[in-house]
Structure formats: structure tokens, C-alpha cells
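Protein chains: 2
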Amino acid sequence: MSKVLNFNAGPAALPRSVLEQAQAELVDFNGTGMSVMELSHRSGAYDEVHVQAKEQLKSIMNIPDTHDVLFLQGGASHQFAMLPMNFLHSNKVGYYVLSGSWSEKALSEAEKIGDTKVVASSKEDTYSHIPKELALDSLPNAAYLHLTSNNTIFGTQWGNFPDVNVPLVADMSSDILSKEIDVSKFDCIYAGAQKNLGPSGVTVVIIRKDWIKEANKAIPKILQYETHAKANSLYNTPPTFSIYILSLVLNWVEAQGGIGAVQRMNEQKANLLYDCIDSSEGFYKGHASKESRSNMNVTFTLPNKELTEKFLKEAKELGMSGLNGHRSVGGCRASIYNAVPLEACEQLVEFMKIFKGKN
Amino acid sequence: MSKVLNFNAGPAALPRSVLEQAQAELVDFNGTGMSVMELSHRSGAYDEVHVQAKEQLKSIMNIPDTHDVLFLQGGASHQFAMLPMNFLHSNKVGYYVLSGSWSEKALSEAEKIGDTKVVASSKEDTYSHIPKELALDSLPNAAYLHLTSNNTIFGTQWGNFPDVNVPLVADMSSDILSKEIDVSKFDCIYAGAQKNLGPSGVTVVIIRKDWIKEANKAIPKILQYETHAKANSLYNTPPTFSIYILSLVLNWVEAQGGIGAVQRMNEQKANLLYDCIDSSEGFYKGHASKESRSNMNVTFTLPNKELTEKFLKEAKELGMSGLNGHRSVGGCRASIYNAVPLEACEQLVEFMKIFKGKN
Chain L
1 MSKVLNFNAG PAALPRSVLE QAQAELVDFN GTGMSVMELS HRSGAYDEVH VQAKEQLKSI
61 MNIPDTHDVL FLQGGASHQF AMLPMNFLHS NKVGYYVLSG SWSEKALSEA EKIGDTKVVA
121 SSKEDTYSHI PKELALDSLP NAAYLHLTSN NTIFGTQWGN FPDVNVPLVA DMSSDILSKE
181 IDVSKFDCIY AGAQKNLGPS GVTVVIIRKD WIKEANKAIP KILQYETHAK ANSLYNTPPT
241 FSIYILSLVL NWVEAQGGIG AVQRMNEQKA NLLYDCIDSS EGFYKGHASK ESRSNMNVTF
301 TLPNKELTEK FLKEAKELGM SGLNGHRSVG GCRASIYNAV PLEACEQLVE FMKIFKGKN
Chain C
1 MSKVLNFNAG PAALPRSVLE QAQAELVDFN GTGMSVMELS HRSGAYDEVH VQAKEQLKSI
61 MNIPDTHDVL FLQGGASHQF AMLPMNFLHS NKVGYYVLSG SWSEKALSEA EKIGDTKVVA
121 SSKEDTYSHI PKELALDSLP NAAYLHLTSN NTIFGTQWGN FPDVNVPLVA DMSSDILSKE
181 IDVSKFDCIY AGAQKNLGPS GVTVVIIRKD WIKEANKAIP KILQYETHAK ANSLYNTPPT
241 FSIYILSLVL NWVEAQGGIG AVQRMNEQKA NLLYDCIDSS EGFYKGHASK ESRSNMNVTF
301 TLPNKELTEK FLKEAKELGM SGLNGHRSVG GCRASIYNAV PLEACEQLVE FMKIFKGKN
């Protein structure tokens with residue numbers, strides 16, 4: 001095993017071909033004689049990148065014309081605040097489903113802004129599953145219902161999204177672009193780029209145009225979705241290089257055969273790992289309940305702490321990077337986002353089997 | 001003239017050696033087998049970049065230990081809102097000096113948050129100079145005094161900063177790192193990176209530690225300076241690649257001989273251009289009053305619109321990029337940030353002389 005296998009939870013692996021293209025044209029982009037980083041964000045050469053990234057994302061994710069695509073900064077953590085600042089006004093209530101640490105953080109920011117209510121939580125089960133009992137029939141005076149589609153730390157993922165008659169918002173930072181979803185069900189989807197979309201530094205927001213109009217106009221202009229929608233995400237200087245890499249990643253997704261093909265590959269990768277865990281006679285234990293398992297982050301534990309440390313150490317020596325669980329929960333975690341190749345999962349499974357045999 | 005000469009106002013030219021190093025290690029950074037973009041922001045390999053960038057900036061700018069350095073996102077436009085959200089509370093007043101469009105935007109965001117007052121403005125003189133009459137003896141109940149150290153659009157720059165006994169804040173986006181300044185005079189300096197520091201996507205905030213404690217704790221956590229100071233700018237995923245490029249740019253500044261050497265070079269470059277303007281017998285007219293001239297953005301006009309267009313067209317054909325004035329004011333502007341070489345200014349001057357001779 002000579003190559004490094006990147007199982008980082010984010011920032012995470014990028015497709016090799018994307019990096020190679022970025023490298024080839026880093027000093028001279030598209031015959032401009034300049035790096036993408038040196039282009040004015042008002043130039044034709046950059047505008048092409050910007051517009052293409054937006055249009056390509058719309059095409060790949062089948063985003064309807066009712067929705068706009070924004071390229072912002074600050075990651076999901078910034079959206080935790082920006083969303084309620086825009087929509088949690090006029091005494092409305094922000095409803096939150098808690099399925100992990102990131103949901104909690106999103107709620108915590110909203111609490112500083114307006115009225116909130118937790119409609120469901122799996123915290124008592126250490127977030128080992130997506131909450132089952134969703135009391136979503138009556139959400140009085142709702143600003144929105146917020147959920148986290150994939151929980152990186154606990155390794156759980158929503159299967160079917162709920163049908164509700166209030167604005168539905170999802171933090172999809174860690175599974176956007178990993179499977180087909182019906183964007184029209186959502187009023188807002190946001191995602192930090194550093195898992196499936198590109199490098200850190202750009203945040204994608206997909207938001208229903210009509211909903212933007214209902215936002216609070218009393219907040220600073222830079223924090224209003226409307227500002228960025230009206231300016232096609234060029235109100236202020238965007239993170240141009242990150243958007244450029246995003247555009248290359250989108251090219252790569254298309255070259256894989258689109259999102260359906262990527263989804264099938266992701267399922268195959270995850271199944272490999274879960275099968276290994278399930279057939280290990282209890283040596284490896286998955287943290288997530290089977291029905292809530294994530295195809296992006298496979299979380300598991302070993303019989304004891306010593307074995308866990310030994311496992312992580314040997315894996316690292318074999319070039320497998322990022323397999324430690326999040327510092328808040330420990331254990332192991334293999335993050336297998338879009339750009340992690342099947343072979344990396346195969347090699348991890350092979351190692352897991354050998355390690356079990358020896359220990 | 002075979003090479004492109006980049007006079008962009010921002011994003012702007014980066015040192016060639018920086019781009020070449022970034023290119024060389026784009027796919028495999030420092031023997032990690034991964035791109036910088038693929039490194040976890042919690043990894044040792046990235047941490048080294050992060051810490052080095054911070055320490056190096058402190059060393060180069062001679063930032064005292066009383067101040068912290070933060071790497072944030074959102075550009076200066078985000079700071080326009082974040083600053084008053086943190087400090088414009090308890091019925092205090094934010095005092096603003098207006099020296100151009102960016103000052104106006106900063107003020108406009110603050111007006112949404114609390115009480116503000118304009119202490120001086122040169123708007124009536126189309127911002128052709130830094131305001132002269134500063135009534136700064138009495139600034140009752142001040143949260144802070146805010147100024148913009150360099151005005152990209154109008155081509156003016158502060159010489160000496162005022163002595164005040166209230167917190168002094170400067171937006172230094174377009175001249176940070178271009179000359180020696182006494183950081184201890186300021187309670188907060190902020191700057192989008194895309195002129196002298198690196199690519200767009202990272203914002204540097206230099207802020208007095210004691211002042212952070214006085215900030216409003218009722219605002220969302222992600223918008224509090226304290227959050228980022230406590231977490232060494234790793235509260236959420238930082239724009240890792242932009243910070244990496246910043247660290248390379250800081251290496252480059254040191255290799256030039258430090259900020260003093262860079263300052264002398266900038267003065268030489270600017271003098272070349274202003275001398276050309278001043279000796280053109282009125283053919284080229286500088287927009288800025290002589291005492292307020294910027295060493296970063298040289299703004300000038302030609303006798304009429306036709307000649308301006310002809311000038312810009314011929315310059316472009318010669319590979320000179322970004323010489324058009326800001327879309328809000330027209331005319332011409334040469335942005336000559338740190339990474340624009342002396343030779344580029346010499347070639348521009350040569351062209352200006354030839355163009356004048358022919359027209």
C-alpha cells in the first residue's frame with residue numbers, strides 16, 4: 001500500500017483528477033496568463049467559472065427554477081446563525097429535529113435569535129439513530145423545520161425526508177451530492193463544501209426564491225440571503241478559488257455518470273464496510289442503528305480502548321488517514337465521501353479482517 | 001511584452017514564486033500524500049500551516065502580545081456587520097470617518113445595529129482626499145472610531161493615523177502589509193486577504209485581547225470575536241487553502257527583506273506612476289489630491305471618454321489587465337499591490353508616455 005488513503009471527515013479527499021487539473025493550470029488559468037486566484041471576480045474569465053458552477057450544480061442536483069443557488073462563506077456554522085436571523089422573526093417558532101452535535105449547535109444559535117422548539121431528539125440514545133417519533137402534524141406558527149441530513153460524528157443519515165406543510169430546511173453539509181434527493185421538498189438546503197463539494201471556504205445555499213422575500217430586512221445587508229441572491233453571489237468578493245475547485249468537482253461528478261452513478265458507488269462502498277462490521281461476530285460494533293446508518297460516515301468501535309488505539313496506529317502505518325472518531329465520541333470512523341475510491345474501502349476492509357484475525 | 005501585467009484591484013496579483021510553490025505541492029503537500037485542501041483542519045500537518053501563518057504575521061507586522069490574530073471568512077464586508085454587532089451595544093455610539101464607498105458601506109451596516117455618527121467626510125469633494133478636519137477631541141459615549149486606511153476606488157490613503165482616546169478600528173483591506181504601521185494604536189484592524197495577503201476567502205482580524213471581553217455576548221456564537229479567539233480560529237473549519245497561500249505570501253514578504261523593504265518598493269512604484277501623471281502637462285489627471293495619494297491604487301483620468309477607452313483597449317492588447325476604474329467612477333486605475341513588480345509599473349509608464357505622444 002503506497003498511496004495515502006484519505007478517510008478524513010472534512011476537509012476530505014478530493015478527486016485526484018480535480019487536483020491534477022488544478023495543479024496544471026494553477027499558474028496560468030485558461031490562457032489568461034494568471035492564476036484563478038489572481039482573476040478579478042468581475043472579469044469575464046472568472047464569471048465563466050462562477051456561472052458554470054452554479055448552472056452545473058442546478059443540473060446535477062435537478063434544482064428547480066423555483067430555487068436559487070448561492071455561494072457564501074462561513075460554512076454550515078455560519079448558516080446556523082444566518083438562517084434564524086433571516087427567518088426567525090415576527091414571533092415565529094423555529095422547530096428543530098436533534099440528531100447529533102451539529103443539530104444541537106444549529107439550535108443553540110437559533111435560541112439566541114428567537115423562539116425555538118425541539119420536535120424530536122435521539123440524544124437519549126446517544127444519537128445512534130435518526131429520531132423515529134416525529135410529531136410534525138402540527139407545528140404552530142412555524143418559521144421553519146430544521147434537520148441535519150447526515151450526522152458525521154455519529155454516523156447516521158436520514159432515509160426519507162418528512163412531508164411537512166411548513167418551510168423545510170436541511171443542513172446537508174456531509175451528504176449533499178452523494179445521492180439523489182428531491183430538492184423541491186426543501187425551502188433551504190445548505191452545505192459547507194469540504195466534504196463532497198470541494199475545499200473548505202465556500203458554502204452552498206439552495207433556497208426557494210419566494211421564501212427569500214419573507215426574510216427579515218432589518219438585519220445587516222451582508223447577512224441577508226436577498227443581498228446575495230440579487231447579486232448572483234457577487235455582492236462582495238466570493239471565495240473564487242474554492243468555487244473554481246467546486247466547478248472541477250462538478251465536472252468530475254458528471255464524468256462519473258451523474259449523481260445516480262455516484263449514489264450507487266457510495267452504496268457499494270458503505271455496504272462493503274457494514275458487511276465487514278456485521279460479519280465480525282461482534283469484534284467491530286457499529287454505533288448507528290442499522291436503519292439509520294450513514295453511507296458517508298461509518299462509525300464503529302472495537303472491544304476495548306487498547307485495541308482501538310492499536311487499530312488506529314496500524315491503520316496509520318498502512319497509510320490510512322483520518323480513521324479516528326470525532327474527539328467528542330472516540331472510537332473509529334471511516335468517512336467515505338464521493339471522492340474516496342472503492343479501492344480505499346476494499347483495502348480498509350481487508351485490513352479490518354486481518355486485524356480481527358490477529359487480535 | 002509577452003507576460004500579462006496584473007493591475008487588478010482585487011483579487012489581485014500574487015507573487016510568482018508563491019504560485020509556483022503552491023503548484024509544485026498541490027497534489028502532495030509536505031510529503032503527506034495529500035493536497036493541503038484534503039488535510040483535516042485538526043491534523044498536525046495543517047496545524048503547522050495555521051500556526052506559522054499567525055506567528056509570521058505577528059512577527060512581520062510587529063503585532064504586540066496585547067493583540068490576537070484571527071483568520072475569519074466573509075471579507076471586509078462581513079466585518080462591516082460583525083464589528084458593530086460585537087461592540088455597538090449598551091447605547092454606545094459608533095463614530096465613522098467617511099473617505100470612500102467602503103467607509104459608507106461600513107457605516108450603513110452599523111446603522112442597522114446601533115447609534116452611529118459621521119465625524120468627518122470628504123464626500124463633497126468626491127472623496128478626492130482623506131478628510132482634513134477631524135473633530136476627534138470629544139467622541140462621547142464612543143464604542144469606537146472607524147476609518148478606512150486606503151480607498152481602492154478613489155485612490156486615497158491615510159498618512160498618519162489620528163491619536164484618539166477611544167477604540168480605534170481600521171479597515172486595512174487594501175493596504176495591510178504594504179507599509180510599516182504601529183499596530184498598538186489600533187484596537188482592531190481587519191482586512192480581506194485578496195489584495196496584499198493572499199487569495200479571497202480569508203479575512204485577517206487583528207484585535208486587542210482586552211477589547212474582545214467588552215463585546216456583546218447575546219449575539220450568535222459564530223459572530224463573536226471571542227469564539228474565534230478562544231479557539232485559535234479553529235472553532236469551525238477555516239478556509240485552509242487560503243490560509244496556506246497566505247503563509248506562502250508571508251514567506252515571500254520575509255524574503256523581500258520584510259515590510260520595510262516592501263514599503264520602499266511600493267513607494268518607488270507609486271512615485272514612478274505619479275511622476276508620469278504629474279509631468280504629462282495635464283494629459284493624465286490624478287483623481288486624488290497629492291497629499292492623500294495612495295501607494296496602492298493610482299487613479300487617473302484622460303482628457304475625454306474616447307481617449308480613456310482607447311487607452312484601456314491598447315493597454316489590454318499589450319497584456320495590461322485591470323486598468324479600468326471601478327464601475328462606480330470610471331476612468332483608469334492601476335492597482336500596484338505588493339506583488340506587482342516594479343517592471344510592471346515601468347512598462348505601464350512607458351506605455352503612458354507613448355500613448356500621450358500619439359494622442
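So the sequences go chain by chain: L and C. Quick note: the first sequence uses the UniProt record's numbering, first residue 1, plus one each step. Quick note: the second sequence uses the UniProt record's numbering, first residue 1, plus one each step. Every residue, glycine too, gets a C-beta built ideally from N, C-alpha and C.
- Residues of chain C with a Cβ closer than 9 Å to the Cβ of residue 241 of chain L are, in chain order, 11, 199, 200, 201, 241, 242, 245.
- Interface criterion not met: the Cβ of residue 52 of chain C is under 8 Å from no Cβ in chain L.
- Within chain L, 72, 73, 74, 78, 222, 236 have C-beta atoms less than 9 Å from the C-beta of residue 74 of chain C, given in sequence order.
- Remark: C-beta atoms of residue 213 of chain L and residue 224 of chain L do not approach each other more closely than 8 Å.
- Residue 145 of chain L carries a strand assignment under DSSP once its states are collapsed to helix, strand and coil.
- The residue among C:346, C:310, C:288 with its C-alpha nearest the C-alpha of residue 125 of chain C is C:288.
- Apart from sequence neighbours up to five positions away, the residues of its chain that approach residue 162 of chain L with a beta-carbon distance below 7 Å are 134, 136, ordered along the chain.
- Close CB contacts of residue 15 of chain C within its chain, under the 7 Å cut and outside five residues either way in sequence, are with 249, 252, 339 (chain order).
- Contact fails between the region 56-76 of chain L and the region 204-212 of chain C, because fewer than three Cβ pairs, one in each stretch, are under 8 Å apart.
- The DSSP assignment places complete alpha helix (DSSP H) segments of no fewer than 4 residues inside the region 250-291 of chain L at 259-278, in order along the chain.
- Within chain L, the residues 237 have their CB atoms less than 7 Å from the CB of residue 192 of chain C, given in chain order.
- In the structure shown, the three-state DSSP call for residue 80 of chain C is helix.
- Residues of chain C whose Cβ lies closer than 7 Å to the Cβ of residue 299 of chain L do not exist; the shortest such Cβ separation is about 16 Å.
- Secondary-structure assignment with DSSP links residue 23 of chain C through no beta bridge to anything.
- Look at residue 30 of chain L here: in three-state DSSP terms it is coil, with no helix or strand label.
- With a cut-off of 8 Å on Cβ pairs, the region 345-358 of chain L is not in contact with the region 18-28 of chain L, counting fewer than three such pairs.
- At a beta-carbon threshold of 7 Å, the residues of chain C lying near residue 35 of chain L are 14, 19, ordered along the chain.
- Nearest Cα to residue 98 of chain C within the set C:315, C:49, C:158, C:235: C:158.
- Per DSSP, the continuous alpha helix (DSSP H) segment holding residue 308 of chain C begins and ends at 305-317.
- Remark: C-beta atoms of residue 105 of chain L and residue 143 of chain L do not approach each other more closely than 8 Å.
- At a beta-carbon threshold of 9 Å, the residues of chain C lying near residue 32 of chain L are 4, 321, ordered along the chain.
- Within chain L, the residues placing a beta-carbon under 7 Å from that of residue 39 of chain C are 11, ordered along the chain.
- In the assembly as shown, residue 236 of chain C is a buried residue. Its beta-carbon has 16 or more other beta-carbons within 10 Å.
- Residue-level contact check: residue 219 of chain L touches chain C, since one or more beta carbons of chain C fall below 8 Å from its beta carbon.
- For residue 212 of chain L, the closest Cβ of chain C is not nearer than 8 Å.
- With the rule of 3 Cβ pairs closer than 8 Å, the region 299-306 of chain L counts as touching the region 324-337 of chain L.
- DSSP places residue 196 of chain C in the coil class of the three-state scheme, outside both helix and strand.
- Residue pairing by DSSP places residue 204 of chain L opposite L:71, L:191 in a beta bridge.
- From the beta-carbon of residue 290 of chain L, no residue of chain C is found nearer than 7 Å; the closest lies around 28 Å away.
- Bridge pairing for residue 94 of chain C: C:116, C:144 [DSSP].
- Taking 8 Å as the CB threshold, residue 23 of chain L lines the interface with chain C.
- Neighbourhood of residue 113 of chain C in chain L, by CB distance below 8 Å: 220, in chain order.
- The beta-carbon distance between residue 9 of chain C and residue 156 of chain C, rounded to whole angstroms, is 14 Å. This is too long to meet the 8 Å contact definition.
- Secondary structure note for residue 186 of chain L: it is in no beta strand (DSSP E), with a DSSP letter that is neither H nor E.
- Proximity of residue 98 of chain C to chain L, defined by a Cβ-Cβ separation below 8 Å, is not satisfied.
- DSSP places residue 121 of chain C in the strand class (E or B) of the three-state scheme.
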